[in-house]
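Visitor:
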Amino acid sequence: MTALRWMYRGIDAAASLIVVAVVLSLLGLVALQFLDRYVAHRWQGFPADEYIKVGIVWLCFVGFGLAVRGGLEIRVDYLDQHLPTGLRRWLFGAFDIVTLALISVILFKGMRLYEVSSLQMILGTDMTVAVPVLGMMLGCALLFLAVFARLLKRVTGMEL
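Quick note on numbering: the sequence shown equals residues 512 to 671 in the working numbering.
#1: Please go through the segment 522-580 and give each complete alpha helix (DSSP H) segment of 4 or more residues, from N-terminal end onward.
#2: By the three-class DSSP mapping on this structure, what secondary structure does T639 have?
#3: Return the CA-CA distance between A641 and I522, expressed in angstroms with no decimal places.
#4: Please determine, among T610, G646, G635, the residue with the shortest C-alpha to C-alpha distance to M622.
#5: Restricting to Cα atoms, I'd like to know which of L649, V666, S527, T513 is closest to G597.
#6: Between D607, A559, V550, F619, which has its C-alpha nearest L663's C-alpha?
#7: Given a threshold of 16 other Cβ atoms within 10 Å of its Cβ, counted over all protein chains shown, does I585 qualify as buried or as exposed?
#8: So L540 and I563 are supposed to be a Cβ contact under 8 angstroms. How far apart are they, rounded?
#9: For V565 versus V658, is the C-beta distance shorter than 9 angstroms?
#10: Have a look at the DSSP bridge pairing and note the partners of M632.
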């Protein structure tokens, strides 16, 4: 079990590094775009806004996977607080199972989306549409792992 725990923590650390790299690159691209527009006027043909859009997609999906891992997702729990503890645990477990099923469908259909999007170029860049789709797939995979770990903890009490 310790190997699984180390692997899970390694994936979590790698995803955190991806988020840091994306944030830093977005900061650099926005600064470059600002300088180009208002100061230097040297990179007229550089499509910084397209790269920023791709970075935001990566940041949203991978960041949400990390947020769920940390238990920071937004939930409407007004009714949950009025339920008995046992019923609440069953409700949360059922919600996790439904979430895993939904993420599995997204990942399965996302593989076909990745294949199709790899044939389409983002105008003005050397990237295909598969790059933001890959960010979505990675974020959904992180989300799957986080919800699976949470469900494992609910069922067995073992924490990853």
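We put the CB at the ideal spot given by N, CA and C, even for glycine.
Guide: Considering the structure as presented:
#1: 559-580
#2: What you label residue 639 is simply residue 128 of the sequence shown in a count that begins at 1. In the three-state DSSP reduction, T639 falls in the strand class (E or B).
#3: Counting from 1 along the sequence shown, the entry for residue 641 is found at position 130. Counting from 1 along the sequence shown, the entry for residue 522 is found at position 11. A straight line joining the alpha-carbon of A641 with that of I522 spans about 22 angstroms.
#4: Translated into positions along the sequence shown, residue 622 becomes position 111. That would be G646, whose Cα lies nearest to the Cα of M622.
#5: By 1-based counting over the sequence shown, the position of residue 597 is 86. When only C-alpha atoms are compared, the closest one is V666.
#6: Walking along the sequence shown from the start, residue 663 turns up at place 152. Among D607, A559, V550, F619, the Cα nearest to that of L663 belongs to D607.
#7: The residue you call residue 585 lines up with position 74 of the sequence shown. It is exposed - the Cβ of I585 has fewer than 16 other Cβ atoms within 10 Å.
#8: Position 29 of the sequence shown holds residue 540. Position 52 of the sequence shown holds residue 563. Sure, about 5 angstroms apart at Cβ, within 8 angstroms.
#9: Position 54 of the sequence shown, counting from 1, holds the residue named residue 565. Position 147 of the sequence shown, counting from 1, holds the residue named residue 658. Cβ distance not < 9 angstroms, so V565 and V658 don't count as in contact.
#10: Taking the sequence shown and counting its residues from 1, the one referred to as residue 632 is at position 121. Looking at the DSSP assignment, M632 forms a beta bridge with T639.
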